[in-house]
Amino acid sequence: MKINQRHTWTLTTAEAIAIQEKLRGEIITTDKIPTPVQYVAGVDMGFEADGTISRAAVAVLSFPSLQLQETAIARRPTSFPYIPGFLSFREVPAVLDALEKINITPDIILCDGQGIAHPRRFGIACHLGLIVNIPTIGVAKSLLIGKHQEVPEARGSWQLLTDKGETIGAVLRTRTGTKPLYISSGHRVSLTTAIDYVLQCTPKYRLPETTRIADKLASSK
DNA sequence: GCGACAG
DNA sequence: ATCTTGTCGC
35 MKINQRHTWT LTTAEAIAIQ EKLRGEIITT DKIPTPVQYV AGVDMGFEAD
85 GTISRAAVAV LSFPSLQLQE TAIARRPTSF PYIPGFLSFR EVPAVLDALE
135 KINITPDIIL CDGQGIAHPR RFGIACHLGL IVNIPTIGVA KSLLIGKHQE
185 VPEARGSWQL LTDKGETIGA VLRTRTGTKP LYISSGHRVS LTTAIDYVLQ
235 CTPKYRLPET TRIADKLASS K
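According to my numbering, the first sequence is numbered sequentially starting from 35.
Quick look at the structure:
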């Protein structure tokens, strides 16, 4: 698939903040999703050689049957450190390399990390979604920012995630008795719809099938 | 100034 | 993210 780069990736944090604050205005948090949704993709990152090499993996599954259709892997030198709030600048370049190798254009991408549940409302799911112009959902395994009530133990239970008086996402239990996931809009997906897709992509385990497959490709030998 | 802090 | 075996619990 083709990609529409919006800026370079060699930046200072001050420049990164300026980009986040500029691009966040283009984020759409209502549903602008192709119908029917036939393919969902998961993207994840791994590192090699003491972190000097980034390895991105993409897995495209059919929806709602969740059968693996296509995968791609891309490696490139790691060029940005991990700094909370700036994850996309570290991971998106390699993810774009991997997406360029994919033949099936996914209808929705589930990202490992936050969407608008971010200090400047521009997490990795927003950044990736805007660049590739595909609906994205932020699916994070831990909290970056925000507060929420305790989530009931049963699968499907959720609580709103709020920050400074605004709703920024939801904390969702995808499996009874496991830690909840932090869900937020990336681009072109509403929160309600995001929760719906995440539940449909987690028939058995805590993490979506998409991310589980991408994770194995990105992290296993 | 003191904590918090996606992967 | 990554380094890593056995172990607790459904």
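The beta-carbon is built from N, C-alpha and C at its ideal position, and this holds for glycine as well.
Where do the N-terminal and C-terminal ends of the beta strand (DSSP E) with residue i fall, by residue?
i, result
"E55", "Element bounds for E55: not the beta strand (DSSP E) but the alpha helix (DSSP H), 47–57."
"R69", "Per the sequence presented here, residue 69 reads as Thr, with Arg not at that position. Careful: T69 lies outside any beta strand (DSSP E) and carries neither H nor E."
"T196", "192–197"
"D146", "142–146"
"P111", "102–111"
"A204", "200–206"
So for residue i, helix, strand or coil by DSSP?
i, result
"E184", "coil"
"V77", "strand"
"L215", "strand"
"I171", "strand"
"I87", "strand"
Please list the terminal residues of the continuous alpha helix (DSSP H) segment that includes residue i.
i, result
"C235", "Element bounds for C235: n/a, residue is neither H nor E."
"T244", "243–253"
"D65", "Counting along the chain, D65 falls outside any alpha helix (DSSP H), and DSSP gives it neither H nor E."
Since residue i and residue j are thought to touch, with beta carbons under 8 Å apart, how far apart are those beta carbons, to the nearest angstrom?
i, j, result
"R58", "I87", "The Cβ separation is near 30 Å, so there is no contact."
"I222", "R207", "Correcting the residue identity first, residue 222 is Arg in this sequence and not Ile. Contact flag wrong, Cβ pair sits at about 25 Å."
"G203", "E187", "Their Cβ separation, rounded to whole angstroms, is 20 Å, which puts G203 and E187 out of contact at 8 Å."
"G149", "I171", "7 Å"
Would you list the one or two residues that DSSP bridges to residue i?
i, result
"E60", "BP columns for E60 are empty, so no partner."
"V92", "V77, A106"
"S221", "Reading off the sequence, residue 221 comes out as His, not Ser. T170, per the DSSP bridge assignment."
"E82", "I87"
Who are the Cβ neighbours of residue i in its own chain at under 7 Å, not counting the five residues just before and after it?
i, result
"A93", "A75, G76, L102, T105, T244, I247, A248, L251"
"E82", "R89"
If I measure Cβ to Cβ from residue i and keep anything under 8 Å in the same chain, skipping five residues before and after, which residues do I get?
i, result
"P115", "R124"
"P118", "L178"
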